[in-house]
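*Asks:*
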Amino acid sequence: MGVLVNKNSKIIVQGFTGSEGTFHSQQMIEYGTSVVGGITPGKGGTKHLDRPVFNTVEQAVKETGADVSIVFVPPAFAADAIMEAADTGVALVVAITEGIPIRDMIMVREFLRGKKTRLIGPNCPGVITAGECKVGIMPGFVFQPGTIGIVSKSGTLTYEAADQVVKAGLGISTAIGIGGDPIIGTTTKEAVELFMNDSETEGIVMIGEIGGTLEAEAARWIKANSRKPVVGFIAGQTAPAGRRMGHAGAIVGGAEDTAAAKMKIMRECGINVVESPAEIGSTMARVMNKVVA
Amino acid sequence: MNIHEYQGKEILQRFGVAVQEGIVAETPEQAVDAAKKLQQKTGTQWWVVKAQIHAGGRGKGGGVKLAKSLDEVKEKAGNIIGMQLVTPQTGAHGKKVHKVLIAQDVYYPGANPTKEFYMSVLLNRQTGRNIIMYSTEGGMDIEHVAATTPHLIFKEEINPSVGLQPYQARKIAFNLGVSGNAFKEMTKFVSSLYRAYVETDSSLFEINPVLKTSDDKILAVDAKVNLDDNALDRHPDYKALRDLNEEDPTEVEASEHNLNYVKLDGNVGCMVNGAGLAMATMDIIKLAGGEPANFLDVGGTANAQRVEAAFRIILKDKNVKTILVNIFGGIVRCDRVAQGIIDAYNSIGELPVPVIVRLEGTNAKEAKELIDKSGLKVYSAILLKEAAELVTKVLKKING
Chain A
79 MGVLVNKNSK
89 IIVQGFTGSE
99 GTFHSQQMIE
109 YGTSVVGGIT
119 PGKGGTKHLD
129 RPVFNTVEQA
139 VKETGADVSI
149 VFVPPAFAAD
159 AIMEAADTGV
169 ALVVAITEGI
179 PIRDMIMVRE
189 FLRGKKTRLI
199 GPNCPGVITA
209 GECKVGIMPG
219 FVFQPGTIGI
229 VSKSGTLTYE
239 AADQVVKAGL
249 GISTAIGIGG
259 DPIIGTTTKE
269 AVELFMNDSE
279 TEGIVMIGEI
289 GGTLEAEAAR
299 WIKANSRKPV
309 VGFIAGQTAP
319 AGRRMGHAGA
329 IVGGAEDTAA
339 AKMKIMRECG
349 INVVESPAEI
359 GSTMARVMNK
369 VVA
Chain B
1096 MNIHEYQGKE
1106 ILQRFGVAVQ
1116 EGIVAETPEQ
1126 AVDAAKKLQQ
1136 KTGTQWWVVK
1146 AQIHAGGRGK
1156 GGGVKLAKSL
1166 DEVKEKAGNI
1176 IGMQLVTPQT
1186 GAHGKKVHKV
1196 LIAQDVYYPG
1206 ANPTKEFYMS
1216 VLLNRQTGRN
1226 IIMYSTEGGM
1236 DIEHVAATTP
1246 HLIFKEEINP
1256 SVGLQPYQAR
1266 KIAFNLGVSG
1276 NAFKEMTKFV
1286 SSLYRAYVET
1296 DSSLFEINPV
1306 LKTSDDKILA
1316 VDAKVNLDDN
1326 ALDRHPDYKA
1336 LRDLNEEDPT
1346 EVEASEHNLN
1356 YVKLDGNVGC
1366 MVNGAGLAMA
1376 TMDIIKLAGG
1386 EPANFLDVGG
1396 TANAQRVEAA
1406 FRIILKDKNV
1416 KTILVNIFGG
1426 IVRCDRVAQG
1436 IIDAYNSIGE
1446 LPVPVIVRLE
1456 GTNAKEAKEL
1466 IDKSGLKVYS
1476 AILLKEAAEL
1486 VTKVLKKING
């Protein structure tokens, strides 16, 4: 079953008829995801990819019973799209859009306070429960089913980690790309917590990067609550201070933002920290075998 | 996006924030004209000549000088313009100064003592809200204050649904210990500053020092303003504030090709898809015994043109002794990327350094076959571990 999404999830796509929305909706449908419709204001009543198009998220949810929305809306309009989805009470909104202004995300975060909708992202690859449901832009075939949960700030590094885990003889329950922006809907700690409470996840890979305090917060929670082995990696050990490394959130500001500081805290909290990103899979396999034995 | 002090102050003024007045100059002659104009406008007797570069700690490097006469303005502007200014934030190479700000002297004597404060506006990532961070200890390195007297740093968080409230501005003024007219000035300063921050879509304001003058005015003496890159489309006029002199020319060229490139000081270049994997690849290079020469994210569409542009950009750096291409093909098929590499190779001609190509993901095997059959002198790998080993091997070969 995994976490957040599974074979029973019904997905609607915001920005359905745009080029990104179209391409990735096709990919999701091919994977077997139950995409039940989409939203493009002004195109309501038409069909796209053999599925109904609606003018509003409210209509789409009412007609299709969707519980998950994925957002491919351009950055200038994405905050509005996320809030529109959250207003309908869908359980999950996955925002793929990269480049949403910080001021917009401050308002989104405020809007979501006290609402039951969970946001993943923005600027993320999405969520995939292996073999069941892909709500994102990741290459589905990499994520072979198994018992390892992955939480990561980055896209291709998530694929890399999943690939290594699979090649090491394990598989993936759910992979969650939480996004690399300064303000995101679901934190590393929250994702880890979901995996700890999931009966089908037996081990966790936690991938972070320089900037912010999400990994330290997650590590402290793990120390207090861990019942499952965690392998951790922080990208950006060689990144210089003050330079933004691609992601808007990936910038070393203070002493606690550095990869070294984060890795130290994670080690102290009992996480199996790897220095080389090439060793994520093999370390997970080693740790899992130890647990089994 | 970073902007200069003089540009930041112009923006602040538009929102009613009182600042130390100044006029920017690019030559010693312009500096003298600026000083005269400033004297007419403000009555200032002395001037401060301030180097305009995108880095803090300018005073420590000799980039800020007091001038007590027009002759001194000319002399000091002449010394500073064109200098290679090294500050704790520039790195050892320093930055070339192209402009100076001729600013009024605001530390004139008067009825009351002057007092310097610190104030910044920034995002609290944990709560997703903006905070105003401020301290009675202004004019010095805030990291130092945080380390030695953390109880003198205060934070005020702002609820975005209602914005900064008057009680919050008053609280800040009380905590800073100002009274009388200075109190009124401070509350006005704080509310205008916050409004400017929000309306300009900034990602950081740092005013250090905020000065209480001897006649109880509150002024921004310095202004570090960082604009949110993601919001620049709503502020087309701010795009023009970008100063290409402050950026590495290769980084500017890369951005024209939509490549995300940051130049570093190492000997192994890298080309990667995705920011996280790019950082991880830099880490691999270091662990393999090299030093990363750059960060480079080619993005989701690593086609022949982009790969070629990326190769050309990496090769501009003469320190680069080898290049590691690390692509995890998802939606992008590896064989297409491989063909892109081959086409780029053929178009550039002989690449002067050995190249290690690691392609994994969709059609990785076909990609490796393409590379191996192409006759190009590249080392190819599929696993990340293999790529790391190749980096070590190639570096050993190069270093004899």
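So the protein lines, in turn, are chains A and B. Per this note's numbering, residue 79 is the first one in the first sequence, and the count goes up by one each step. Per this note's numbering, residue 1096 is the first one in the second sequence, and the count goes up by one each step. Beta carbons: idealized from backbone N, C-alpha and C, even for Gly. Being a predicted model, the structure only gives us computed values, none of them experimental.
Spell out whether any CB of chain A is found under 8 Å from the CB atom of B/F1390.
*Replies:* To locate residue 1390 of chain B, count along the second sequence from 1; it is residue 295. For B/F1390, the answer is yes, since a Cβ of chain A falls inside 8 Å of its Cβ.
*Asks:* Among B/K1491, B/V1452 and B/L1490, whose alpha-carbon lies nearest the alpha-carbon of B/K1472?
*Replies:* The count along the second sequence starts at 1 and reaches residue 1472 of chain B at position 377. If we check each option's Cα against that of B/K1472, B/V1452 comes out closest.
*Asks:* Can you find a CB in chain B that lies within less than 8 Å of the CB of A/A371?
*Replies:* The count along the first sequence starts at 1 and reaches residue 371 of chain A at position 293. Caution is warranted here: a pLDDT of 48 is assigned to A/A371, below 50, making its placement in the model unreliable, and no coordinate value can be reported.
*Asks:* If we define contact as Cβ-Cβ less than 8 Å, is A/A313 a contact residue for chain B?
*Replies:* Residue numbering aside, residue 313 of chain A sits at position 235 when the first sequence is read from its first letter. With 8 Å as the cut-off, A/A313 counts as an interface residue toward chain B.
*Asks:* Check whether the Cβ atoms of A/I226 and A/G281 lie closer than 8 Å to each other.
*Replies:* Within the first sequence, residue 226 of chain A is the residue found at index 148, counting from 1. Within the first sequence, residue 281 of chain A is the residue found at index 203, counting from 1. Yes. Within cutoff.
*Asks:* Going along chain B in order, which residues have a C-beta closer than 8 Å to the C-beta of A/G204?
*Replies:* The residue you call residue 204 of chain A lines up with position 126 of the first sequence. Under the 8 Å cutoff, chain B gives no residues; its nearest Cβ is about 12 Å from A/G204.
*Asks:* With a 10 Å radius around its C-beta and 16 neighbouring C-beta atoms as the bar for buried, classify A/E176 as buried or exposed.
*Replies:* If you number the first sequence from 1, residue 176 of chain A lands on position 98. It is buried - the Cβ of A/E176 has at least 16 other Cβ atoms within 10 Å.
*Asks:* Drop a sphere of 10 angstroms on the beta-carbon of B/Q1102, count the other beta-carbons inside from all chains shown, and report buried for 16 or more, exposed for fewer.
*Replies:* Position 7 of the second sequence, counted from the start, is the residue given in the question as residue 1102 of chain B. Answer is buried; the Cβ neighbour count reaches 16.
*Asks:* Quick one: what's got a C-beta closer than 7 Å to B/R1265's C-beta in the same chain, skipping five residues either side?
*Replies:* The sequence position of residue 1265 of chain B within the second sequence is 170, counting from 1. Once the five neighbours on either side are set aside, the close Cβ partners of B/R1265 are T1282.
*Asks:* Suppose the cutoff is 7 Å on Cβ atoms and the five residues either side in sequence are ignored; what does the same chain contact list for A/I160 look like?
*Replies:* Indexing the first sequence from 1 puts residue 160 of chain A at position 82. Counting only Cβ-Cβ distances below 7 Å, and skipping sequence neighbours, we find V149, V171, A173, V186 and L197.
*Asks:* For A/P355, which residues in chain B fall below 7 Å Cβ to Cβ?
*Replies:* Here the question's residue 355 of chain A lines up with position 277 in the first sequence. Going along chain B in sequence order, the residues near A/P355 (Cβ under 7 Å) are A1375, D1378, I1379 and L1479.
*Asks:* What is the DSSP secondary structure of B/N1276, counted as helix, strand or coil?
*Replies:* As a working note, residue 1276 of chain B is residue 181 in the second sequence. Note: B/N1276 maps to helix in three-state DSSP.
*Asks:* Assuming contact is defined by CB atoms lying nearer than 8 Å, are B/V1415 and B/G1495 in contact in what I supplied?
*Replies:* One-based indexing of the second sequence puts residue 1415 of chain B at position 320. One-based indexing of the second sequence puts residue 1495 of chain B at position 400. Not closer than 8 Å, so no.
*Asks:* Pair every Cβ in the segment 1389 to 1406 of chain B with every Cβ in the segment 263 to 270 of chain A, then say whether three or more of these pairs are closer than 8 Å.
*Replies:* no
*Asks:* Reducing DSSP to helix, strand and coil, say where A/L127 ends up.
*Replies:* By one-based count along the first sequence, residue 127 of chain A stands at place 49. A/L127 falls in the coil class under three-state DSSP.
*Asks:* Could you pull the start and end residues of the beta strand (DSSP E) that B/R1224 belongs to?
*Replies:* Here residue 1224 of chain B refers to the residue found at position 129 of the second sequence. Segment R1224 to S1230, the beta strand (DSSP E) holding B/R1224.
*Asks:* What does the alpha-carbon distance come out to for the pair B/L1419 and A/A337?
*Replies:* As a working mapping, residue 1419 of chain B is identified with position 324 in the second sequence. As a working mapping, residue 337 of chain A is identified with position 259 in the first sequence. B/L1419 and A/A337: Cα-Cα distance of roughly 22 Å.
*Asks:* CB of B/M1228 to nearest heavy atom of the ligand MG: below 7 Å?
*Replies:* The ligand MG is not part of the structure shown, which contains no ligands of any sort.
*Asks:* Between which two residues does the alpha helix (DSSP H) harbouring B/Q1434 extend?
*Replies:* As a working mapping, residue 1434 of chain B is identified with position 339 in the second sequence. Per DSSP, B/Q1434 belongs to the alpha helix (DSSP H) from C1429 to I1443.
*Asks:* How would you write the range of the alpha helix (DSSP H) that A/D158 sits in, first residue to last?
*Replies:* Walking along the first sequence from the start, residue 158 of chain A turns up at place 80. Start and end: P153 to D165.
*Asks:* Rounded to the nearest angstrom, what separates B/I1227 and A/S97 at their Cα positions?
*Replies:* In the second sequence, counting from the first residue as 1, residue 1227 of chain B sits at position 132. In the first sequence, counting from the first residue as 1, residue 97 of chain A sits at position 19. Cα-Cα distance, rounded: 41 Å.
*Asks:* From which residue to which residue does the beta strand (DSSP E) around A/F101 run?
*Replies:* Translated into the one-based positions of the first sequence, residue 101 of chain A becomes position 23. First-last for A/F101: S97 to Y109, but that is the alpha helix (DSSP H), not the beta strand (DSSP E).
*Asks:* Does B/N1254 pass the burial test, meaning 16 or more other C-beta atoms within 10 Å, or should it be called exposed?
*Replies:* In the second sequence, the residue the question calls residue 1254 of chain B occupies position 159. Under this definition B/N1254 is an exposed residue.
*Asks:* Ends of the alpha helix (DSSP H) at B/Y1333?
*Replies:* To locate residue 1333 of chain B, count along the second sequence from 1; it is residue 238. For B/Y1333, the enclosing alpha helix (DSSP H) stretches over residues P1331 to K1334.
*Asks:* To the nearest angstrom, report how far apart A/I256 and B/E1348 are at their CA atoms.
*Replies:* For the purposes of this step, residue 256 of chain A is taken as residue 178 along the first sequence, with counting starting at 1. For the purposes of this step, residue 1348 of chain B is taken as residue 253 along the second sequence, with counting starting at 1. In this structure, the alpha-carbon of A/I256 lies about 31 Å from that of B/E1348.
*Asks:* For B/R1109, count the other beta carbons within 10 Å of its own beta carbon; 16 or more makes it buried, fewer makes it exposed. Which is it?
*Replies:* Here residue 1109 of chain B is taken as the residue at index 14 of the second sequence, counted from 1. Classification for B/R1109: exposed.
*Asks:* If we count Cβ pairs, one from each stretch, closer than 8 Å, do we get three or more for the segment 198 to 210 of chain A versus the segment 1329 to 1339 of chain B?
*Replies:* In short, these stretches do not touch, since the Cβ pair count stays below three.
*Asks:* Counting contacts by CB-CB distance shorter than 8 Å, is A/A373 in contact with chain B?
*Replies:* There is no way to answer for residue 373 of chain A, as the model of chain A reaches only from 79 to 371.
*Asks:* Give the secondary structure of B/A1113 by DSSP, where H, G and I count as helix, E and B as strand, and everything else as coil.
*Replies:* Mapped onto the second sequence, residue 1113 of chain B falls at position 18. Three-state DSSP puts B/A1113 in coil, outside helix and strand.
*Asks:* Near B/G1435, which residues of its chain fall below 7 Å by C-beta distance, leaving aside the five closest residues on each side in sequence?
*Replies:* Position 340 of the second sequence holds residue 1435 of chain B. A1397, N1398, A1399 and V1402.
*Asks:* Which residue spans inside the segment 1158 to 1216 of chain B form an unbroken beta strand (DSSP E) run of at least 3?
*Replies:* 1159 to 1162 and 1195 to 1199
*Asks:* For B/F1110 and chain A, any beta-carbon pair shorter than 8 Å?
*Replies:* Along the second sequence, read from residue 1 onward, the residue named residue 1110 of chain B stands at position 15. For B/F1110, the answer is no, since every Cβ of chain A falls outside 8 Å of its Cβ.
*Asks:* Just the Cα atoms here: how many angstroms apart are B/G1258 and A/T134?
*Replies:* Along the second sequence, read from residue 1 onward, the residue named residue 1258 of chain B stands at position 163. Along the first sequence, read from residue 1 onward, the residue named residue 134 of chain A stands at position 56. For B/G1258 and A/T134, the distance between alpha carbons rounds to 29 Å.
*Asks:* Answer yes or no: does any C-beta atom of chain B fall closer than 8 Å to that of A/T291?
*Replies:* On the first sequence, position 213 is the one that residue 291 of chain A refers to. Chain B contact via Cβ: present.
*Asks:* At a CB distance below 9 Å, what residues from the segment 127 to 148 of chain A approach chain B? Give them in sequence order.
*Replies:* none
*Asks:* Listing by chain order, which chain A residues have their CB less than 7 Å from the CB of B/Q1221?
*Replies:* One-based indexing of the second sequence puts residue 1221 of chain B at position 126. Neighbours of B/Q1221 on chain A, chain order: T291.
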